[in-house]
Amino acid sequence: DTGVSQDPRHKITKRGQNVTFRCDPISEHNRLYWYRQTLGQGPEFLTYFQNEAQLEKSRLLSDRFSAERPKGSFSTLEIQRTEQGDSAMYLCASSLGQELPSYEQYFGPGTRLTVT
Amino acid sequence: GQQVMQIPQYQHVQEGEDFTTYCNSSTTLSNIQWYKQRPGGHPVFLIQLVKSGEVKKQKRLTFQFGEAKKNSSLHITATQTTDVGTYFCAGRYYGQNFVFGPGTRLSVLP
Chain R
194 DTGVSQDPRH KITKRGQNVT FRCDPISEHN RLYWYRQTLG QGPEFLTYFQ
244 NEAQLEKSRL LSDRFSAERP KGSFSTLEIQ RTEQGDSAMY LCASSLGQEL
294 PSYEQYFGPG TRLTVT
Chain E
5 GQQVMQIPQY QHVQEGEDFT TYCNSSTTLS NIQWYKQRPG GHPVFLIQLV
55 KSGEVKKQKR LTFQFGEAKK NSSLHITATQ TTDVGTYFCA GRYYGQNFVF
105 GPGTRLSVLP
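As they're listed, the protein sequences go chains R and E. Taking the working numbering, the leading residue of the first sequence gets 194, the next gets one more, and so forth. Taking the working numbering, the leading residue of the second sequence gets 5, the next gets one more, and so forth.
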């Protein structure tokens, strides 16, 4: 399968614990995005990378969230001191990188986080 | 921050009826993309519109981008049960990343 993969698919954690998610993009894609989606809402942008550089981070994103893409391939999203409000589906997407026009984003299956 | 609105929130149609969802922004968009998300699935890219007044068709789906690049629509002719899902528009503002609308959930009754 050459699509975007995410691991784990489901994560249940207790409030206050740290969690880390992994995303493996399509190999030739240099852009990688993280989104959060809650029930009945559209994906909410969190951050994106162009190769290994993190170019933008949502102003709404708490400093408990951090993302890395160390070698410009896979990426990790860490949430520290999880709160119940962090419960959501975390989606990763990748695309070729170009300012205009943009390329389509290919989404992974997501990691569903439940904070108890 | 920038917001993209979509109406309606829900639409229930009988199979064979037409369906339209509208996407609106208060400020000019650079371009817009449309995605479909099936229940339990992830968003899948449908189309991208870049030019003012652009119209694109994919079989029974017709996509339009407004002249002012502030609104867009997706029209499905003669819906089928396979059209069930949530349709999202994602607007891109100049120099920024995509902002997804809240989506329109379509259900098709056989």
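By construction, the Cβ of each residue, glycine as well, lies at the ideal position given by its N, Cα and C atoms. What you are looking at is a predicted structure, and each value in this text was computed from that prediction instead of being measured.
For residue 75/E, the enclosing beta strand (DSSP E) has its first and last residue at 75-80.
When 113/E, 44/E, 103/E, 112/E are compared, the shortest CA-CA separation from residue 235/R is found for 103/E. In the three-state scheme derived from DSSP, where H, G and I count as helix and E and B as strand, residue 210/R is classed as coil. Per the DSSP secondary-structure output, residue 200/R pairs in a beta bridge with 215/R. Interface flag for residue 75/E against chain R is unset, since no Cβ pair is found closer than 8 Å. The beta carbon of residue 101/E sits closer than 8 Å to some beta carbon of chain R. Annotated three-state conformation of residue 278/R is helix, per DSSP. By DSSP's assignment, residue 222/R forms no beta bridge with any residue. Bridge pairing for residue 16/E: 111/E [DSSP]. Residue 46/E has a beta carbon lying within less than 8 Å of a beta carbon in chain R. Within the region 231-247 of chain R, the residues whose Cβ lies closer than 8 Å to some Cβ of chain E are 233, 234, 235, 236, 237, 238, 241, listed in chain order. Put simply, the CB of residue 28/E is far from chain R, with every gap to its CB atoms at 8 Å or more.
In this structure, the beta-carbon distance from residue 228/R to residue 284/R falls below 8 Å.
Within chain R, no C-beta atom comes nearer than 7 Å to that of residue 42/E; the closest sits roughly 12 Å away. Under the three-state reduction of DSSP output, residue 31/E falls in the coil class, being neither helix nor strand. Taken through DSSP and simplified to helix, strand or coil, residue 25/E comes out as strand. At a cut-off of 8 Å, the C-beta of residue 12/E has no neighbouring C-beta in chain R.
Boundaries of the beta strand (DSSP E) harbouring residue 239/R: 237-243, taken from the DSSP string. Looking from the CA of residue 281/R, the closest CA among 221/R, 231/R, 202/R belongs to 231/R.
Assigned with DSSP and collapsed to three states, residue 309/R falls in coil, not helix or strand.
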